[in-house]
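Enquirer:
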Amino acid sequence: MRDIMGMMGKVKEMQAKMEQMQAEIAELTAEGKAGGGLVTVIISGKGELKSLKIDPSLFREDDVEILEDLIVAAHKDAKDKAEALAAEKTKALTAGLPIPPGFKLPF
443 MRDIMGMMGK VKEMQAKMEQ MQAEIAELTA EGKAGGGLVT VIISGKGELK
493 SLKIDPSLFR EDDVEILEDL IVAAHKDAKD KAEALAAEKT KALTAGLPIP
543 PGFKLPF
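Our numbering puts the sequence shown at residues 443 to 549.
1. Alpha helix (DSSP H) containing residue 531: first to last residue?
2. Following the continuous beta strand (DSSP E) through residue 474, name the residue where it begins and the one where it ends.
3. Under 8 angstroms, with one C-beta from each stretch per pair, do the segment 523-534 and the segment 454-470 reach the 3-pair mark?
4. Taking just the CA atoms, how far does residue 459 sit from residue 537?
5. Out of curiosity, what's the CA-to-CA distance linking residue 512 and residue 471?
6. Just to confirm, are residue 500 and residue 509 a CB contact at a threshold of 8 angstroms?
7. Can you name, in chain order, every residue of its own chain whose Cβ lies under 7 angstroms from the Cβ of residue 515, other than the five neighbours on each side?
8. Whose CA, out of 523, 496, 535 and 506, lies closest to the CA of residue 489?
9. List the whole-angstrom C-beta distance separating residue 535 from residue 463, where the pair is believed to meet the contact cut-off of C-beta under 8 angstroms.
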């Protein structure tokens with residue numbers, strides 16, 4: 443019985459830490475660039491687009507497709523960085539816990 447109570451206490455502690463971690467991740471920002479910096483995107487830890495900067499040299503009618511591709515690439519770059527930051531925070535929180543490989547947190 444003592445083991446169950448101890449385990450329940452650890453679960454509550456873990457839950458509180460997860461909530462704090464999720465709040466911290468939401469506050470993170472990540473910057474992605476494409477085209478050698480011609481397009482820059484900043485996203486939140488939740489993946490929400492916060493800022494988009496486009497070099498004026500890309501504002502030519504015949505470059506619209508290139509611009510569209512660069513925006514998508516910059517967003518992907520920023521998203522990958524935000525996910526890596528979130529994974530680092532999650533790894534630090536769950537260090538030492540017996541979590542199966544491939545198990546995604548938060549629940």
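No residue lacks a Cβ here, since even glycine has one placed at the ideal position from N, Cα and C.
Expert: Checking against the coordinates, here is how it stands:
1. In the DSSP annotation of this structure, the continuous segment of the alpha helix (DSSP H) that includes residue 531 starts and ends at 506-536.
2. For residue 474, the uninterrupted beta strand (DSSP E) segment begins and ends at 471-476.
3. Yes, since at least three Cβ pairs between the segment 523-534 and the segment 454-470 fall closer than 8 angstroms, the two stretches touch.
4. Here the alpha carbon of residue 537 sits roughly 12 angstroms from the alpha carbon of residue 459.
5. Approximately 19 angstroms between the Cα atoms of the pair.
6. Result yes, Cβ atoms of residue 500 and residue 509 sit closer than 8 angstroms.
7. 476, listed in sequence order.
8. Comparing C-alpha distances from residue 489 to each of 523, 496, 535 and 506 shows the shortest one belongs to 523.
9. Indeed, because the Cβ distance is near 5 angstroms, the residues count as touching under 8 angstroms.
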